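One structure is given here, and the rest of the page talks about it.
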Amino acid sequence: MDDASIQHLTEATREKLRQTVSKIERLEEEKKEVAEQIKEIYAEAKAFGFDTKALRQVVKLRKQDRAEREEAEMVLETYLIALGEA
Numbered sequence: 001m002d003d004a005s006i007q008h009l010t011e012a013t014r015e016k017l018r019q020t021v022s023k024i025e026r027l028e029e030e031k032k033e034v035a036e037q038i039k040e041i042y043a044e045a046k047a048f049g050f051d052t053k054a055l056r057q058v059v060k061l062r063k064q065d066r067a068e069r070e071e072a073e074m075v076l077e078t079y080l081i082a083l084g085e086a
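Letter 78 of the sequence shown, counting from 1, is numbered 78 in UniProt numbering, and no numbers are missing.
As structure tokens, this is what we get:
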């Protein structure tokens, strides 16, 4: 954007831009806080003796549709068999 383009922005447009940026910044901060909370929960789980790598995998798998997950597992199993790993 050049200076002429910026000057054509109305005050309402500038305010909307400021609000949008503010919302994004607030949400980024909330995302950081949630990430810290998740990290703490994994630390608690580890203290209880849970395998955090396995927990992360379980969380990832539960996000997937069952059919999608089963298909991915079937492909993985096929590849392992082909490589002589299964």
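Positions of the beta carbon are idealized from the N, C-alpha and C atoms, including for glycine. Please read these numbers as outputs of a predicted model, since none were measured by experiment.
(message) Taking the straight line between their C-alpha atoms, what separation do you get for residue 26 and residue 18?
(response) 12 angstroms
(request) Given a cut-off of 8 angstroms, decide if residue 55 and residue 42 are closer than it, judged by their beta-carbon atoms. (result) yes
(message) In this structure, how does DSSP classify residue 85 when only helix, strand and coil are distinguished?
(response) Taken through DSSP and simplified to helix, strand or coil, residue 85 comes out as coil.
(request) Give the DSSP-derived three-state secondary structure of residue 20 in the structure shown. (result) Note: residue 20 maps to helix in three-state DSSP.
(request) Find out if the Cβ-Cβ distance for the pair residue 72, residue 80 is shorter than 8 angstroms. (result) no
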